[in-house]
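Numbering (our numbering), first residue to last: 20 to 279.
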Ligand SMILES: [Zn+2]
């Protein structure tokens, strides 16, 4: 389910003849469930009830495989490995993993149940501010243990991390949270990590934050920045917590945004 969604396929709707080139994205589903509206910050009871009448919010953890690069690794050991395998991609073929940020639902799948690298031949890329926050400032043991199994490279906001992939500063949710602007043959996609967690409310009311935003004010600013940019440039957004397939196009609508 939701295994393959090609950006080229989406672009076929508007761009003819683009099928053989460009971007191919595979949505990898780790977890699907529900969260409680108590996680929302800055939403009135009326707003929460408007978008989630029963108080339950759809919740999921995704990763993406885009043109031979893995974006995040999910939470649970083995799940992203299985999802890749179902698409004919062996874990040993994964050579590059770009991490949006170092929350467990994004790096947990780097290790297998034995604590070894799930992707033994992969280089892992993390933004320098994110690495410094979790490894040097917080000295987070889970992060340090997971990254120790890999060759890790750091980069700065704005850098071209690998050819065709640029890191956009979307800090706030965490201090070094990045979104990746991916481009191939003129087609673009923003792999936006946790730019939003609950799009049903955070698109129309982007000022709503979540409890696990390290800096909620900055997280709101980054959300609006990415949504403005994506709407202006008409670039699809892939989000790790958007309902599968997890890739949407957005446009401005009133004081917020809507998907189309
Ligand atoms: Zn997350």
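Ideal Cβ placement from N, Cα and C applies to all residues, glycine included.
Assigned exposure category for residue 93 - 16 Cβ within 10 Å defines buried: Against the chain shown, residue 93 aligns to sequence position 74. By the 10 Å Cβ count, residue 93 comes out buried.
Three-state secondary structure assigned by DSSP to residue 137: Counting from one through the chain shown, the residue named residue 137 turns up at place 118. Note: residue 137 maps to coil in three-state DSSP.
Among the candidates 138, 143, 192, 212, whose CA atom is the shortest distance from the CA of residue 280? In the structure as shown, the chain starts at 20 and stops at 279, and residue 280 therefore has no counterpart that could be examined.
Beta carbon of residue 119, beta carbon of residue 73: below 8 Å? Taking the first residue of the chain shown as 1, we reach residue 119 at position 100. Taking the first residue of the chain shown as 1, we reach residue 73 at position 54. Not in contact: residue 119 and residue 73 (Cβ atoms no closer than 8 Å).
Could you please give me the residues that DSSP links to residue 52 through a beta bridge? What you label residue 52 is simply residue 33 of the chain shown in a count that begins at 1. 78, per the DSSP bridge assignment.
If we call anything under 8 Å between Cβ atoms a contact, is residue 137 one with residue 110? Sequence index remark: in the chain shown, residue 137 carries index 118 (1-based). Sequence index remark: in the chain shown, residue 110 carries index 91 (1-based). Residue 110 is positioned such that its CB atom lies closer than 8 Å to that of residue 137.
Nearest-angstrom Cα distance between residue 30 and residue 155? Residue numbering aside, residue 30 sits at position 11 when the chain shown is read from its first letter. Residue numbering aside, residue 155 sits at position 136 when the chain shown is read from its first letter. Caution is warranted here: a pLDDT of 33 is assigned to residue 30, below 50, making its placement in the model unreliable, and the coordinate value is therefore given only provisionally. Put simply, the backbone Cα of residue 30 is about 42 Å away from that of residue 155.
Looking only at C-alpha atoms, which of 116, 177, 166 sits nearest to residue 83? Taking the first residue of the chain shown as position 1, residue 83 is located at position 64. Residue 116 is the option with its Cα nearest to residue 83.
Let me know the secondary structure DSSP gives residue 24 once reduced to three states. On the chain shown, position 5 is the one that residue 24 refers to. Interpretation of residue 24 is limited by its pLDDT of 48, a score under 50 that renders its predicted location unreliable; no figure is taken from the coordinates.
Applying the 10 Å Cβ sphere with the 16-neighbour rule, what's the burial state of residue 236? Start at 1 with the first residue of the chain shown, and residue 236 comes out as number 217. Result: exposed.
Does the Cβ of residue 259 lie closer than 7 Å to at least one heavy atom of ligand 1? The residue labelled residue 259 in the question sits at position 240 within the chain shown. For residue 259, the Cβ falls inside the 7 Å cut-off from some heavy atom of ligand 1.
Contacting residues, own chain, Cβ-Cβ under 8 Å from residue 171 (five flanking each side not counted): Here residue 171 is taken as the residue at index 152 of the chain shown, counted from 1. 142, 143, 144, 145, 150, listed in sequence order.
With a CB to CB cut of under 8 Å and the five nearest residues on each side skipped, what residues in its chain are close to residue 188? For the purposes of this step, residue 188 is taken as the residue at position 169 of the chain shown. Take residue 188, set aside five residues on each side of it, and the residues of its chain with a beta-carbon closer than 8 Å to its own are 176, 177, 197, 241, in chain order.
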